[in-house]
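Have a look at the structure below before the remarks.
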Amino acid sequence: MQAIEISAFGAPEVLRLCERVRPEPGAGEVLIRVLASGVNRPDVLQRKGHYPAPPGASDLPGLEVAGVIEGGDAAAMAAQGLRPGDRVCALLAGGGYAQWCVAPVQQCLPVPAGWSDAEAAALPETFFTVWSNVFERARLQPGETLLVQGGSSGIGVAAIQLGRAFGATVIVTAGSDDKCAACLALGAHHAINYRSQDFGAEALRLTAGRGVDVVLDMVAGAYVAREVDCLAEDGRIAIIAVQGGVQAGFDAGKLLRRRLTITGSTLRARSVDFKGAIARALHAHVWPLLESGAVRPVVHSRFAARDAAQAHALMESNRHIGKIVLTWEP
């Protein structure tokens, strides 16, 4: 099969089209003929040598795909209501940049009716992450206010739509007025240009001084102290990436006095059972919204898989709004 491998750690140009042996599914797994592969920030980190695949996972990048089940563990498929020939999207620990991949059956979900393969491939990594962190770890409730850092990213556009769909007021930050406008069009109630405005002061102003209930943070670093300052009492911060650095100084006294919570997680190395539980929650609570059109795909760009280097260059430019996807010829 054809695949995209990391020939050496470095710039996007180290991504190389290669030939690999088609993987074989094991117990509890399916073989997927991949038609589209999602591109994510962790893929960029892996390409640079900063985010190695967990033990036992493929060394190929790629954490989400959409395609067709071609075989696998029949009993496991039956338990999930799947069969060969079904169109699915799947969350992976690696190996998605290839014409074929294996995935745990528990981490597969049906492609929503009317969605293309490219749109479906943009779902798993972002929606698993948002559901796990915003709704399970940070316990966002209807009527609360959610602040999303990086609202125009793939994670951001998913958080905007899910937050609004489940009854929250959504405030986002973005790096330009155009990106702010795009976030508002997707359903955000308020958008803050972090290059020209102080997001903490604006969040307090927009909430009449009360503060926000939940922050979805992919920056960390110096942002954490500013987020603590704009949290409401009993507020929660969920950190999912550290683009701004791993060191975060903040006033711990405020955590005590206002009963704040700071939590964080990474998804890639978690167990299949853990990810399977998220998949079941998504299927029950989010998939109906996808089927109805209440939550819609946001794919900024599609690249042929051989042009993966261009896709990575676009991601690092931060010019995109929504997801970037690689497509494979059937």
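Position 50 of the sequence shown, counting from 1, maps to 929 under this note's numbering, and the rest follow consecutively.
The C-beta atom is built at its ideal place from N, Cα and C for all residues, glycine as well.
Uninterrupted alpha helix (DSSP H) stretches inside the stretch 903–942 (no shorter than 4 residues):
Complete alpha helix (DSSP H) runs here, min 4: 920–926.
Across the stretch 1043–1060 and the stretch 1010–1024, are there enough close Cβ pairs to call them in contact, namely three or more that are closer than 8 Å?
Counting Cβ pairs under 8 Å, three or more are found: they touch.
Curious, which full-length alpha helix (DSSP H) runs of at least 4 residues does the stretch 1084–1134 contain?
The alpha helix (DSSP H) runs lying completely inside the stretch 1084–1134 and spanning 4 residues or more are 1102–1108, given in chain order.
Proximity winner among ARG1074, GLY1114, ALA1163, PHE1153, relative to THR1142 (alpha-carbon distances):
It is GLY1114 whose Cα lies nearest to the Cα of THR1142.
When you compare the CB positions of ILE1200 and SER1031, do they come within less than 8 Å of one another, or not?
In this structure, SER1031 lies closer than 8 Å to ILE1200 by Cβ.
C-alpha distance - VAL984 paired with ALA999, whole-angstrom precision:
The alpha-carbon atoms of VAL984 and ALA999 are separated by roughly 16 Å.
Using C-beta distances below 6 Å, list every residue in its chain close to HIS1069, excluding the 5 sequence neighbours before and after it, in chain order.
Correct list, in chain order: ILE1050, LEU1085.
What does DSSP give as the partner residues of TRP1010 in its beta bridges?
None, per the DSSP bridge assignment.
Run through DSSP, which three-state label would PHE888 get?
Here PHE888 sits in coil by DSSP.
Within a Cβ cutoff of 8 Å, which residues of the same chain sit near GLU1195, ignoring the five residues on either side of it in sequence?
Excluding sequence neighbours, GLU1195 sits near PRO891, VAL923.
Report yes if the C-beta distance between GLY1100 and ALA1127 is below 8 Å; otherwise report no.
Contact flag set, yes.
Given VAL990 as reference, the closest of HIS1162, VAL1178, LYS1202, ASN1197 once Cα atoms are compared
Ranked by Cα distance from VAL990, the options HIS1162, VAL1178, LYS1202, ASN1197 are led by HIS1162.
Which residue wins for smallest C-alpha separation from VAL1237, given the options ASP1077, GLU1112, ALA1080, GLY1124?
Residue numbering for the chain in the displayed model covers 880 to 1209; residue 1237 lies beyond these limits and cannot be assessed.
Please state whether DSSP places SER1075 in a helix, a strand or coil.
Reduced to three states, the DSSP call for SER1075 is coil.
Along the chain, where does the alpha helix (DSSP H) containing VAL1036 start, and where does it finish?
VAL1036: member of the alpha helix (DSSP H) spanning 1033–1044, first to last residue.
Pull up the distance between the alpha-carbon of GLY1132 and that of GLY1042, whole angstroms please.
Using only the alpha carbons, I get a separation of about 29 Å.
Residue range of the unbroken alpha helix (DSSP H) whose run includes HIS1191
Start and end: 1187–1196.
Can you tell which of TYR976, VAL918, ALA1038 has the C-alpha that lies nearest to the C-alpha of VAL1165?
The residue with the shortest Cα to Cα distance from VAL1165 is ALA1038.
If you run the structure through DSSP and keep just helix, strand and coil, what is GLN959?
Here GLN959 carries a helix assignment [DSSP, helix/strand/coil].
Taking buried to mean at least 16 other C-beta atoms within 10 Å of its own C-beta, is VAL1177 buried or exposed?
That one is buried.
Does LEU1110 pass the burial test, meaning 16 or more other C-beta atoms within 10 Å, or should it be called exposed?
Answer is buried; the Cβ neighbour count reaches 16.
Please go through the same chain and pick out, in chain order, the residues whose beta-carbon is closer than 8 Å to the beta-carbon of ALA958, but skip the five residues on each side of it.
Correct list, in chain order: VAL984.
Would you mind stating whether GLY974 and ALA936 have Cβ atoms separated by less than 8 Å?
Yes, the Cβ-Cβ distance between GLY974 and ALA936 is below 8 Å.
Residue closest to MET880, alpha-carbon to alpha-carbon, out of ARG901, LEU1146, ARG895:
Put simply, of ARG901, LEU1146, ARG895 the residue whose alpha carbon is nearest the alpha carbon of MET880 is ARG901.
Taking C-alpha atoms, which residue in GLY951, GLY950, ALA932, ILE948 lies nearest to LEU942?
Distances from the CA of LEU942 to each of GLY951, GLY950, ALA932, ILE948 were compared; the closest alpha carbon is that of ALA932.
Quick check: SER916 and VAL947, are their CB atoms within less than 8 Å of each other?
Here SER916 is not near VAL947, since their CB atoms are 8 Å or more apart.
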